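Take any residue in the sequence shown, count from 1 to its spot, add 583: that is its number in this note's numbering. All C-beta atoms in this analysis are idealised placements derived from N, C-alpha and C, irrespective of residue type, glycine included. As the structure is a prediction and not an experimental result, all values here were calculated from the model. Below is one structure, written out as structure tokens, with a few remarks after it.
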Amino acid sequence: MQILRLIIFITTFFILSHAGAEELFPLSISSGTPLFAKPSLDEQPIGFFNVETSINARQQFFFRKKRASLYKDIIFFQININGQNAWVCPDIVIKDVGKRKFITFKPNYSYLYGAFFLWGIVLLLLLYYYFRVYKKNYYQIAVKNRLYLLTGIILMAHFGRLLLLLYSANGELRYPLDEMSFFKPAQDLLAWDFSEKWDMTMGMPLVYIPFLLATNANNVFDIVEPFSIFSGMILMPLSLICIFFIVKKLSASEHKAFWAVFIWIMLTMVYCIAESPKQISFFSPLGIQLSHYIRTCYGFIQTGYNSMSGNVSMCTLLIALTCSLYMKSNLRKYIIVGAIFGFSCLTRVNNIFFAPFIAWVFWYTDKIRYEDWKFLLKATVSAIGAFIAVFSIQLIVNHIQFGSIFTFPYVLHPTEVYKGFEIKNIPARINYYFNLHYFYFAIGIAGLATIKDRVLRNSLILWITPLMIFFCGYIVIGQPYRFVLPIFAGLTAAFACSDAWKSDKILYRGMLIVTIFLLAFPILPFSFIEQPARNIWYIDFFSSMRRFAAPALWVVTLFTVRKERYLLIFILLYGILIFTASNWLVFAALVALALYGGYEFIRDFIAYNIVNRWRLKSRQPVIEDKG
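In structure tokens form, the structure reads like this:
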């Protein structure tokens, strides 16, 4: 539908732009469309169409309407009514809110109907899987068929979420910012021109080149929508499937993998953030948001429907991790993973903080082969060599433009950006990130602390903590999702894989879900004293109720589940994080988990490769040579 709309728009624009000024063409206008004396949204309407009609238009006026982080391309058409010229835009409607009137854009109801259809199918398939597959014929149904069903549900949930977003966006797209810095190098590369210094790494310009060639783009706006379609409808679904298979391999459970992805999808729809006047997050099941453009802008980031580097970076990273887990143990695996990871870092250099995770996965999957020191050396050289071979594209550009392979284009950015992690940034950064995503970290940390499986726990720790700790000391403002997008799946995976869910009693599981939600609903961080009003009726009401009910519910739940060890620990830690509402406590927990995961990795490596080897060698039987 989106591709069809794009084709129609380009075709119409091409035809109209080559038409003479006085050439007439028919224009369909719906009832309620306003008329303007000038082609501007700043003008007051001079009239309205009372009925749907078709009228001849003479010429058009094109302009781009920017609204905060969103934009929309608008075309006004000149028409003649009763001998007078007027301007009309078929996409515009006037909306009444109380005594105020404001201009908005017509929604595309086909997106809404499509979303309802997909979510209806998702609900039916969930019920089918639970009652007909999980409860009755689980072991009689082939594994691949179960995987098809679960991944199909994930994909339909994603596209249902995306269609809802497109419906609410009313044709607006995310305004390109960093993309402008990606577009210029892509143009220069096609012209083989290295004379001008580029202020971004080379990954995204290389990805942009096919879109420049396909669209003959003159500026970045020409590829925003095609690239957004590619990113949101191909790259993001692929990322979700990779997450499913990564968690499935690590946890040995397709159900935990499914819920890790599905919970993340659901949270992106109901868990909102508000960066001003105070940085908070809140649950809004009805989709209400104080600033609509903020919800829409960050919805584009969460669904991948944008032209930024975040989704390409995350997708290539997850593909590398999936290959490292599923490919056969040979040198080809290390070359492929190293090359894909190199390109992932080429699109976003801070992906290097996932190197410990990839190293851990290599160790987890191939540690038996590492007993052969020759293979270990070849594997290490192959992975690092392939990484450097791909990443050398950036090193070559660094040398050409800055005179040193170690001087990156970030030197053209403000000094604090180029410096990277700084201790002085931590207080402000942890308040920013954790206030806006407090629920994710509360369930993620409590989940990590209640995972008994050491391999799974350490894998998720290395997935979450290195990148997040780095950004706790890196000066980034106004980007609460894009730079740390991959870690949210890790946090929901920690929650889904927690051993707190192993209780056989449905009552306990139900109490866990209710307690988690009611302690966090509707606003975070939690406060016993005051809650800022959000102009939403239920916010103040439920916040006042929760100050008294939530602690009582927490105590009752702890007493009820006292005999369930992991369930008790999860609810205890989760409640402490919620009621203290301490960002320093969250940060300390992440640092402690990172240190503990690193300690266990080093301890296991030493124990397996040194102590175990010595024991096996000392137990070798002595064979006498009898001649």
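Burial state of Arg-1012 is buried, judged by a 10 Å Cβ sphere holding 16 or more other Cβ atoms.
In terms of Cβ geometry, Asn-802 and Trp-943 do not form a close pair [threshold 8 Å].
Taking all protein chains shown into account, Met-1051 has 16 or more neighbouring C-beta atoms within 10 Å of its C-beta and is therefore buried. Contact annotation: Leu-823 and Val-844 have beta-carbon atoms nearer than 8 Å. Below 8 Å, enough C-beta pairs join the stretch 1074-1091 and the stretch 1027-1037 to call them touching: three or more. Around Tyr-1001, the same chain offers Tyr-993, Val-994 as residues with beta carbons nearer than 7 Å, after the five sequence neighbours per side are excluded.
Straight-line measurement puts the Cα of Thr-886 at about 39 Å from the Cα of Ile-951. With contacts defined by Cβ atoms closer than 8 Å, Phe-924 and Pro-1105 do not form a contacting pair.
Runs of the alpha helix (DSSP H) spanning 4 or more residues and lying entirely within the stretch 849-925 occur at 875-886, 893-909, in chain order. Within its own chain, no residue has a Cβ closer than 6 Å to the Cβ of Ser-1127 once the five positions on either side in sequence are excluded. Under the Cβ criterion (8 Å, minimum of three pairs), the stretch 662-675 counts as touching the stretch 632-644. DSSP places Ser-764 in the uninterrupted alpha helix (DSSP H) bounded by 761-773. Residue Phe-1054 holds the alpha-carbon nearest to the alpha-carbon of Phe-1017 among Pro-1049, Phe-1184, Phe-1054, Leu-1043.
Relative to Ser-778, the option among Gly-786, Thr-784, Ala-1072, Pro-768 whose CA is nearest is Pro-768. Counting along the chain, Asn-639 sits inside no alpha helix (DSSP H); it lies in the beta strand (DSSP E) bounded by residues 636-650. Per DSSP, the unbroken alpha helix (DSSP H) holding Pro-1010 starts and ends at 1009-1019.
For Phe-1188, the enclosing alpha helix (DSSP H) starts and ends at 1166-1189. A direct Cα-Cα distance of roughly 28 Å separates Leu-707 from Thr-879. Each of Phe-1188, Leu-1043, Leu-747 was checked against the Cα of Ile-829, and the nearest Cα belongs to Leu-1043. Straight-line spacing of the CA atoms in Ala-800 and Ile-806 works out to 7 Å. Across the set Met-816, Gly-743, Leu-901, Glu-837, the C-alpha of Glu-837 shows the shortest separation from the C-alpha of Asn-728. When beta bridges are read from the DSSP output, Tyr-654 appears opposite Lys-649, Leu-756. In this structure, Pro-1069 sits away from Pro-939, with a CB-CB distance that is not shorter than 8 Å.
DSSP places Gln-661 in the strand class (E or B) of the three-state scheme. Counting C-beta atoms within 10 angstroms of its own C-beta, Pro-793 has fewer than 16 neighbours from the protein chains shown and is therefore classed as exposed. Inclusion of Phe-1124 and Ala-1164 in the CB contact set at 8 Å is not warranted, their separation being larger than that value.
Selection Phe-1022, Leu-1102, Asp-625 evaluated against Ile-856 yields Phe-1022 as nearest (Cα-Cα). If you check the CB distance, Arg-1145 and Leu-1151 come in under 8 Å. In this chain, the beta strand (DSSP E) harbouring Leu-618 covers 617-619. Looking at the DSSP output, Ser-611 sits in a beta bridge with Ser-637. Taken through DSSP and simplified to helix, strand or coil, Ile-736 comes out as helix. Membership of Val-671 in the beta strand (DSSP E) is indicated by the continuous run 667-671. Short of 6 Å from the beta carbon of Gly-921, and not among the five residues preceding or following it, lie these beta carbons of its own chain, in chain order: Ala-966, Ala-969, Phe-970. Assigned with DSSP and collapsed to three states, Thr-784 falls in coil, not helix or strand. In this structure the stretch 887-896 does not touch the stretch 1086-1104; the number of beta carbon pairs closer than 8 Å is below three. Taking a C-beta distance under 8 Å as the contact criterion, Tyr-750 and Pro-690 qualify as a contact pair.
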